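K.L.:
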Amino acid sequence: MFDFFFFRALFDKLSKGHRRVTIGTLPFYHGSGFWALCYCLLEGHQTIIMEHFHPAVLLNCIEKYKIDTLNLVPAILESLCQDEIEINRWDLSSLKTVLCGSAPLGKELSKRFLHKFPHVINLIQGYGMTEVVVLSHITPLNMPIDDDSYLGSCGKLLPSFEAMLIDEESGVVQKEPWKRGELLLRSEAIMKGYLNDVEETKKVIDSNKWLHTGDVMYFDSDNFYFVVDRKKDLIKV
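Converting from the sequence shown to our numbering requires adding 6 to each position, the first position being numbered 1.
(1) Quick check on this structure: which residue in N66, L32, R236 has the alpha carbon closest to the alpha carbon of G107?
(2) Which residue's Cα is closest to the Cα of L105: L98, E90, I127?
(3) Quick one: what does DSSP say T145 is sitting in, helix, strand or coil?
(4) Inspect the beta-carbon positions of V178 and M170 and report whether they are closer than 8 Å.
(5) If distances are taken between C-alpha atoms only, which option among W216, V204, A42 comes closest to G50?
(6) Just the Cα atoms here: how many angstroms apart are T53 and L47?
(7) By the three-class DSSP mapping on this structure, what secondary structure does E168 have?
(8) Write down every uninterrupted run of the alpha helix (DSSP H) in the segment 94 to 148 whose length is 4 residues or greater and which is fully enclosed by it, in chain order.
(9) Based on Cα-Cα distance, which residue from E137, S99, K102, I130 lies nearest to H36?
(10) Expressed to the nearest angstrom, what Euclidean distance is found between the alpha-carbon atoms of V234 and Y224?
(11) Taking the alpha helix (DSSP H) that L83 falls in, what are its first and last residues?
(12) On a CA-only basis, which of P80, F59, L111, L101 is nearest L157? Give me that one, please.
(13) If you pair each beta-carbon of the segment 112 to 131 with each one of the segment 192 to 204, do three or more pairs fall below 8 Å?
(14) Residues bridged to R236 by DSSP?
(15) Using DSSP with H/G/I as helix, E/B as strand and the rest coil, what is G187?
(16) Enumerate, from N- to C-terminal direction, the unbroken alpha helix (DSSP H) stretches of 4 or more residues contained entirely within the segment 189 to 218.
(17) Comparing alpha-carbon positions, which option in M197, C160, A62 lies nearest D97?
(18) Who are the Cβ neighbours of G161 in its own chain at under 8 Å, not counting the five residues just before and after it?
(19) Return the CA-CA distance between L101 and H218, expressed in angstroms with no decimal places.
(20) Nearest by alpha-carbon distance to S159: which of E69, A81, A109, F40 is it?
(21) Within the same chain, show all residues whose beta-carbon is closer than 6 Å to that of I211, passing over the 5 residues directly before and after it, in chain order.
(22) Does I68 come out as helix, strand or coil in the three-state DSSP assignment?
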């Protein structure tokens with residue numbers, strides 16, 4: 007519940023009193039897509055639903071419906087940055103905020119996107135998983151768009167979470183910046199367990215209620231987190 011109020015405050019700042027218009031580019035069975043839809047329903051914002059994604063269709067919708075917020079994944083940003091997409095064919099001036107998650111968004115792709123879409127003033131990346139009810143990290147809203155030091159980062163830890171990085175070989179907690187380790191998370195927002203699968207739950211959540219994410223990260227001197235590797239593979243459907 008705390009996270010809902012956190013994000014409500016975040017988007018209130020983004021909205022500045024006006025009704026937001028976004029588009030459902032992600033499947034609603036996907037955690038990020040479903041969360042974005044629920045938020046718009048709760049707050050009375052408008053969501054345009056795309057049946058199938060195509061860059062030109064998305065850009066048509068931005069122009070037609072004056073969309074100001076996009077909730078995307080890096081693969082979609084990459085498709086929008088392709089040379090054959092000539093954005094001067096559309097009026098995209100309404101678009102101000104882009105949220106990105108589900109996979110690491112690299113610094114170079116971030117720069118290419120911001121160069122191609124100069125009217126975007128908020129590029130917000132998040133990190134999360136279904137087991138933590140979508141998000142545990144997010145880029146702070148007050149980051150200047152011309153400061154690229156945070157690009158490539160998945161943001162900072164949300165207030166309702168505890169986190170630690172564990173060295174993969176020694177098992178030691180990494181307390182200094184730039185040291186890699188597996189991310190462990192603890193919060194009341196974390197799931198209780200996998201349905202009818204006690205053994206798999208025990209592999210992921212230890213006796214101290216730490217969720218072992220399988221993602222290898224480091225944090226910098228400003229406590230921005232960066233994903234660098236994954237200990238285990240998964241298939242998203």
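Glycine included, each C-beta is placed from N, C-alpha and C at the ideal position. Since the model is a prediction, treat every value here as computed from it, not as a measurement.
P.N.:
In terms of the structure at hand:
(1) L32
(2) I127
(3) coil
(4) no
(5) A42
(6) 9 Å
(7) strand
(8) 113 to 122
(9) E137
(10) 8 Å
(11) 80 to 86
(12) L111
(13) no
(14) D221
(15) strand
(16) 204 to 210
(17) A62
(18) I130, Q131, G132, Y133, H143, I144, T145, P146, F230, Y231
(19) 37 Å
(20) A109
(21) L217
(22) helix
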